[in-house]
């Protein structure tokens, strides 16, 4: 399988750059985060947030029983970070609150232990936008400060946790109907962000580390994690378990974004039934032959033409 280069490519508007600092948010010398969080283009800013508070908050979340969380999803371990139209199920199982305790027969199971047991990434809801739930007081305060700095109300917040011993690919290339701010809390995780068409070039290809922030507007294809073996750090040790905070915001035209995502689901099903062998790969989709073959399928429905590369 041909895979895109892993060399980091950083795209970060100067409006969102900041130096490391003791508080959680952008330096007073920078323009407000509220301006960046409404960008129509993806951006990446390393060390936008202070890492130590995030790492401590991650550790607290990892120690909580899975039954603490409003929603927990275990992804399928076979997911490939480079696919975009996989026939595999997205998740193994999902549960809410106390129901999660019935999945693990050995008794109360922490989020960290659950991830190792499942052998695949897990997402856990840590807060709701209506303020009715927050996993810990620390995460509640952090998100409240974030909402104030962004001047934008979040829809919900989840953490994505991966054990270093397994694939970190929770999904392949996909798009969402929400604007998302990703903040690395602990460990490392690779993210690639493309455009709005299938096989588009990755404008961001970066391994996030604690404090790094990545913003992905709705309807931009992206892929998180890697199906490759865990990389070694500069210290010669394997990557630690990763914990990534994902904060979702509704876009200005939420109904339109949701409709486009529904169109993509239909287009993806059509692609699955017609793709050639080896065609379910982002690099192939961006090749000359891939663009030509995908165009034949995506032109079958006018609603799918927006996903076709020019």
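Residue numbers (my numbering): 365 to 674. Yeah, the Cβ is synthetic: ideal placement off N, Cα and C, and Gly gets one too.
In this structure, does DSSP put residue i in helix, strand or coil?
i: residue 446; result: coil
i: residue 588; result: strand
i: residue 579; result: strand
i: residue 567; result: coil
i: residue 530; result: coil
i: residue 619; result: helix
i: residue 630; result: helix
i: residue 639; result: coil
i: residue 675; result: Beyond the ends of the chain as shown, which are 365 and 674, falls residue 675; an answer cannot be given.
i: residue 487; result: strand
i: residue 609; result: strand
i: residue 545; result: strand
i: residue 562; result: coil
i: residue 556; result: strand
i: residue 550; result: strand
i: residue 572; result: strand
i: residue 664; result: coil
Shortest alpha-carbon distance to residue i belongs to which of the options?
i: residue 519; options: 645, 412, 613; result: 613
i: residue 560; options: 478, 448, 429, 408; result: 448
i: residue 665; options: 631, 655, 639, 436; result: 631
i: residue 572; options: 557, 505, 530; result: 557
i: residue 553; options: 609, 637, 635; result: 609
i: residue 644; options: 443, 428, 429; result: 443
i: residue 522; options: 505, 656, 539, 545; result: 545
i: residue 477; options: 510, 425, 454, 499; result: 425
i: residue 484; options: 635, 634, 530; result: 530
i: residue 407; options: 543, 670, 662; result: 543
i: residue 402; options: 479, 498, 511; result: 511
i: residue 674; options: 458, 473, 565; result: 565
i: residue 497; options: 527, 461, 509, 525; result: 461
i: residue 642; options: 657, 526, 441; result: 657
i: residue 550; options: 515, 504, 575; result: 575
i: residue 670; options: 639, 640, 502, 621; result: 621
i: residue 427; options: 475, 400, 469, 411; result: 475
i: residue 411; options: 452, 619, 569, 547; result: 547
i: residue 667; options: 459, 455, 624, 517; result: 624
i: residue 404; options: 506, 640, 616; result: 616
i: residue 423; options: 467, 502, 463; result: 502
i: residue 453; options: 633, 663, 660, 639; result: 633
Can you round the beta-carbon distance between residue i and residue j to whole angstroms, since I take them to be within the 8 Å contact cut?
i: residue 413; j: residue 513; result: In fact, because the Cβ distance is near 10 Å, the residues do not count as touching under 8 Å.
i: residue 465; j: residue 431; result: 4 Å
i: residue 479; j: residue 526; result: 7 Å
i: residue 627; j: residue 582; result: Wrong, their Cβ atoms sit about 13 Å apart, outside the cutoff.
i: residue 605; j: residue 528; result: 5 Å
i: residue 473; j: residue 429; result: 6 Å
i: residue 504; j: residue 646; result: Contact doesn't hold; Cβ gap of about 37 Å is too wide.
i: residue 538; j: residue 555; result: Their Cβ separation, rounded to whole angstroms, is 12 Å, which puts residue 538 and residue 555 out of contact at 8 Å.
i: residue 524; j: residue 400; result: Rounded, the Cβ-Cβ distance is 22 Å, inconsistent with contact.
i: residue 655; j: residue 563; result: 6 Å
(Q) List, from N- to C-terminal side, the alpha helix (DSSP H) runs of 4 residues or more that fit wholly inside the segment 413-485. (A) Taken in chain order, the unbroken stretches of alpha helix (DSSP H) that lie wholly in the segment 413-485 and span 4 residues or more are 415-427, 475-482.
### Task
Pair every Cβ in the segment 578-589 with every Cβ in the segment 651-659, then say whether three or more of these pairs are closer than 8 Å.
No: the two stretches stay apart, fewer than three of their Cβ pairs being nearer than 8 Å.
- Message: In chain order, what are the residue ranges of uninterrupted alpha helix (DSSP H) at least 4 long that sit wholly in the segment 492-530?
- Response: If we require 4 residues or more, the alpha helix (DSSP H) runs fully inside the segment 492-530 come out as 501-514.
Q: Would you be able to state if there are at least three C-beta pairs under 8 Å between the segment 534-547 and the segment 419-431?
A: Cβ pair count under 8 Å is below three, so no.
Notebook entry, point to check: If we count Cβ pairs, one from each stretch, closer than 8 Å, do we get three or more for the segment 480-491 versus the segment 435-444?
Noted result: Touching, yes, given that three or more Cβ pairs across the two stretches are closer than 8 Å.
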